[in-house]
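Data first, discussion second: the structure below is written as C-alpha cells.
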Amino acid sequence: QTAVDALESGNLKLGVETLQSIVKTGTNASALYNLGICYERGIGVEKDRAKACDYYRQASTLGHMHAQFNLT
Numbered sequence: 020q021t022a023v024d025a026l027e028s029g030n031l032k033l034g035v036e037t038l039q040s041i042v043k044t045g046t047n048a049s050a051l052y053n054l055g056i057c058y059e060r061g062i063g064v065e066k067d068r069a070k071a072c073d074y075y076r077q078a079s080t081l082g083h084m085h086a087q088f089n090l091t
C-alpha cells in the first residue's frame, strides 16, 4: 500500500521504486498490476506497452482479474 500511497500523493519516483522492489519476488499480483499501469500510462516511468503487458501477464498468472482484463 505504501507504493500506491506514494504514487497517489505525487511521489512517483518512490512509488515506482517501491513497486519495482516488491515485484522482484514475482508473487505480489497487485504490485505487478500497479507497475503495469505505471508503464502503460507513463506514471513515473517512460511509457512502455511491452513492459506493461509483461507485468499484466505476470499478475494475471497469479489470478489478478484487472490484469486479465487489461490484456484483452
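Counted the way our numbering counts, the sequence shown spans residues 20 to 91. We treat Cβ as the ideally placed atom computed from N, Cα and C, and that holds for glycine.
Quiz item: So what's I62 in DSSP terms, helix, strand or just coil?
Solution: Counted from its first residue, the sequence shown places residue 62 at position 43. Coil at I62, not helix or strand.
Quiz prompt | contact_flag[the segment 37-53, the segment 70-87] where n(CB pairs < 8 Å) is 3 or more | solution = yes
Self-check item: N89 - DSSP class collapsed to helix/strand/coil
Solution: Against the sequence shown, residue 89 aligns to sequence position 70. N89 falls in the helix class under three-state DSSP.
Quiz prompt | Close Cβ partners of A86 (< 6 Å) along its chain, the five nearest in sequence each way excluded | solution = Position 67 of the sequence shown holds residue 86. Once the five neighbours on either side are set aside, the close Cβ partners of A86 are Y52, Y75, A78 and S79.
Exercise. Please report how far the alpha carbon of E65 lies from the alpha carbon of N47, in whole angstroms.
Key: Taking the first residue of the sequence shown as 1, we reach residue 65 at position 46. Taking the first residue of the sequence shown as 1, we reach residue 47 at position 28. Between E65 and N47, the C-alpha separation is close to 22 Å.
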